[in-house]
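Here is the structure we will look at.
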Amino acid sequence: MQDHNKQAMAGLTLAALGVVYGDIGTSPLYTLRECFTGQGIPTTPENIFGILSLIFWSLIFVVSIKYVAFVLRADNRGEGGIMALMALARHYTTHAARWKIVLLGLFGAALFYGDAIITPAVSVLSAAEGMELISPAMESYVLPMAIGVLTGLFLLQRFGTASVGLLFGPIMLIWFSVLGLLGLHQIVQAPQVLQALNPYHALHFIGHNGWGSFLTLGSVVLALTGAEALYADMGHFGSSPIRRAWFSLVLPGLALNYFGQGALLMQNPAAIKNPFFLLAPDWALLPLIVMATLATVIASQAVISGAYSLTRQAIQLGYCPRLEVQHTSEKEIGQIYMPFINWALLIAVMVVVLTFKTSSSLAAAYGIAVTGTMLITTCLFFVVARVNWRWPLPLALGVTLMFATIDLGFFSANIHKVADGGWLPLVLGMVIFTLMSTWKQGRELLFTRLRDQALPLDSFIENLEAYPPTRVQGTAVFLTSTLHGVPHALLHNLKHNKVLHERVVLMTVRTEDVPYVAAEERLEIVQMSASFWRVVARYGFKEDPNVLQVLEDCTAQGLAFELMDTSFFLSRETIVSTERPGMSRLREKLFVWMSKNAMRATDFFQVPTNRVVELGAQVEL
């Protein structure tokens, strides 16, 4: 049994290595180069020691301590990621504080989409640029190669990652081993580079270079890209495999490679043009380029899959219109494909690649999204530590201030990049934030308008039972989003058809602030009168609602359904923008447009289309 547990843990650790660490594992391709060339820092031994020390201790404080030691503890029933953290934080706070937490979480999620666009572009471009070292004539092939690799990656998404994912772990195991060996080979030739382990060199570099060292932090943060993935992917693997993979292989491999690049620069300062690929001997350059390309594809795959998962969570939590979700694995519920998100990302990535053309140009745009998300995670972590875990205020404040000081330093160092490309993730973030907040506020306003127009349910049922209309055989299931008031579809059915089924079920599907809802908590069945029933089905934000499954669960609890004798009634609202107070006219029109393009409720809730009756209703916002 113990051997079996060890094997299972080893398998999870290997899988985590492939999925979680792809992004941070490709950072050595460009980080050290950008630290020097981005600000024109001379490659003197003193500066090499200083920058290496900054990179190493950033990995220790931000990744090892902040994320691995602390943030991974903030799990929402085993799930991680900024949306899960937001749901966890707002669940235990007052109504007044809840909206502020939601705003923080939404903007952090919006910045993640910027990361999902920039990561594939900068990673694949940096790998393709290694071809220039084989021959300067290959420079013209870098952009076509990057476009071809990225296009192929997005085209393959619809087939799922189940089979390809089996290779991710072994490939990244080889990748991190190669990173470490390449670095170790150079360190042996210039062991004095290990002096950079002393944090004094980081402090001396900051004190000696002043403003220049502060701006260099904007490039140092490139070594931390993908740190958020440790937390976001916790639900797939658990915290223990992620920690084991980090300390046993990822951190040693990254540290050895960075120090190896530093050792190379001490012997050959001209190697700064591409210190990563120049670590390899000439005969190994082409295989290294191939392996780097595979690693960047894996890094891109992880962030694309993350965008799918985040979007599904946003849909379930009410921050995004319904979109098509396809499951690509019969065994893994987390492996999904979303056509709209896939093609939107592909178009955005192509535009970014063709606009910026080089990884160095894109590196300027990279830091804003990463540091912004890291800072928001720190703020939400404080709420969870103080409110959920009931840490004493001095402890919660002390830990949070330590993390926030580092995050603010990195974020501030990236602000100057706004004009050079940093505007890209900010613009993307603001657009996505506007869409998500508009959808959430618009839905709440719509529910308010419907509730204001609705008749009281209890007295309505009482009158129907006392003075029943013509009753017809069968069961009518009215899908309604609220527990209060008579569903509009029920009113319209009575008004136009002037009949009522012998059994009426009012069904509401609700999404809770947890990833998964236990089977015993799924259903709430209440008999409201002799012929009226209330069914409330609860789902987590990582689950897909299924009305047919709800009917089966009801049957198991004594409320039996015969599908061929059951009809489903839904309201199909036509939303009209008005001058009434609520939202601005521009946002109301945006909400109307999003509503028109949302996936039909019947498809989203998996209602049998041949048993559905839709009744229209016009609602003025």
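Take the sequence shown: its letters are residues 2 to 622, numbered as in the working numbering.
The beta-carbon is built from N, C-alpha and C at its ideal position, and this holds for glycine as well.
Keep in mind the model is a prediction, meaning the values are calculated, not measured.
For residue i, report the span of its beta strand (DSSP E) as first-last.
i, result
"residue 635", "No answer is possible for residue 635: the residues shown for the chain start at 2 and end at 622."
"residue 196", "That residue, residue 196, is in no beta strand (DSSP E); it is neither H nor E in DSSP."
"residue 472", "471 to 480"
"residue 526", "524 to 528"
"residue 621", "613 to 621"
Please state the DSSP three-state secondary structure of residue i.
i, result
"residue 2", "Because the pLDDT of residue 2 is 49, which lies under 50, any placement of that residue in the model is unreliable, and the number read from its coordinates should be weighed accordingly. Note: residue 2 maps to coil in three-state DSSP."
"residue 341", "helix"
"residue 414", "helix"
"residue 567", "strand"
"residue 213", "helix"
"residue 487", "coil"
"residue 310", "helix"
"residue 577", "strand"
"residue 362", "helix"
"residue 317", "helix"
"residue 572", "strand"
"residue 598", "helix"
"residue 547", "coil"
"residue 77", "strand"
"residue 327", "strand"
"residue 277", "coil"
"residue 562", "coil"
"residue 584", "coil"
"residue 301", "helix"
"residue 605", "helix"
"residue 399", "helix"
"residue 518", "coil"
"residue 135", "helix"
Just to check my reading of the structure: residue i and residue j have Cβ atoms closer than 8 Å, yes? What is that Cβ distance to the nearest angstrom?
i, j, result
"residue 493", "residue 618", "7 Å"
"residue 24", "residue 304", "6 Å"
"residue 28", "residue 154", "Not a contact, Cβ separation roughly 19 Å."
"residue 360", "residue 123", "5 Å"
"residue 620", "residue 447", "6 Å"
"residue 515", "residue 78", "5 Å"
What span of residues does the alpha helix (DSSP H) with residue i cover, start to end?
i, result
"residue 47", "46 to 59"
"residue 502", "That residue, residue 502, is in no alpha helix (DSSP H); its beta strand (DSSP E) goes 500 to 512."
"residue 445", "424 to 454"
"residue 143", "140 to 156"
"residue 253", "252 to 268"
"residue 82", "First-last for residue 82: undefined, no H or E at that position."
"residue 192", "From DSSP, residue 192 is part of no alpha helix (DSSP H); its letter is neither H nor E."
"residue 121", "96 to 129"
"residue 159", "Where residue 159 is concerned, there is no enclosing alpha helix (DSSP H), given that its DSSP letter is neither H nor E."
"residue 243", "240 to 246"
Among the options, which residue has its Cα nearest to the Cα of residue i?
i, options, result
"residue 518", "531, 507, 544, 499", "544"
"residue 100", "387, 316, 64, 87", "87"
"residue 218", "156, 75, 52", "52"
"residue 497", "523, 470, 513, 522", "470"
"residue 559", "526, 460, 143, 273", "526"
"residue 576", "552, 443, 541, 399", "443"
"residue 184", "8, 26, 255", "255"
"residue 390", "201, 71, 65", "71"
"residue 241", "433, 299, 515, 13", "13"
"residue 479", "473, 504, 456", "504"
"residue 413", "565, 373, 392, 309", "373"
"residue 487", "269, 465, 298", "465"
"residue 641", "434, 365, 432", "Outside the shown range of the chain, which is 2 to 622, sits residue 641, and nothing can be said about it."
"residue 408", "74, 532, 380, 271", "380"
"residue 491", "477, 16, 604, 227", "477"
"residue 435", "481, 392, 592", "592"
"residue 629", "182, 463, 377, 68", "In the structure as shown, the chain begins at 2 and stops at 622. Residue 629 is therefore absent and cannot be evaluated."
Sorry if obvious, but does the Cβ on residue i come closer than 6 Å to a heavy atom of the ligand FAD?
i, result
"residue 229", "Ligands are entirely absent from the displayed structure, and the ligand FAD is therefore not among its contents."
For residue i, decide whether its Cβ has a neighbour in chain C, counting only Cβ atoms nearer than 7 Å.
i, result
"residue 186", "The question asks about chain C, but that chain is absent: this structure has only one protein chain."
TODO: Count the CB pairs spanning the region 225 to 245 and the region 76 to 85 that are closer than 8 Å, and state whether there are at least three.
DONE: yes
TODO: Specify whether the region 196 to 212 and the region 272 to 284 touch according to this definition: at least 3 beta carbon pairs, one from each stretch, less than 8 Å apart.
DONE: no
TODO: Determine, using beta-carbon pairs with one atom in the region 569 to 589 and one in the region 287 to 298, whether at least three such pairs fall under 8 Å.
DONE: no
Task: the region 249 to 259 contacting the region 171 to 182, beta-carbon criterion three pairs below 8 Å - done: yes
- [ ] Could you tell me whether the region 413 to 429 touches the region 445 to 459, where touching means 3 or more Cβ pairs closer than 8 Å?
- [x] no
- [ ] Decide yes or no for the touch test of the region 215 to 230 against the region 31 to 39: beta carbon pairs closer than 8 Å, at least 3 of them.
- [x] yes
Task: Touch test, the region 53 to 64 against the region 256 to 269, Cβ-Cβ under 8 Å, three pairs minimum - done: yes
TODO: Would you check if there are 3 or more beta carbon pairs closer than 8 Å linking the region 306 to 317 to the region 130 to 138?
DONE: no
Open item on the list: Taking contact to mean 3 or more Cβ pairs, one atom from each stretch, closer than 8 Å, check whether the region 578 to 588 and the region 549 to 557 are in contact.
Closed with: no
TODO: Answer yes if the region 587 to 600 comes into contact with the region 459 to 477, meaning at least three C-beta pairs across the two stretches below 8 Å, and no otherwise.
DONE: no
Task: Validate contact between the region 508 to 516 and the region 527 to 539 using beta carbons, cut 8 Å, 3 pairs - done: yes
Task: Given 8 Å, three or more beta-carbon pairs between the region 113 to 130 and the region 91 to 105 - done: no
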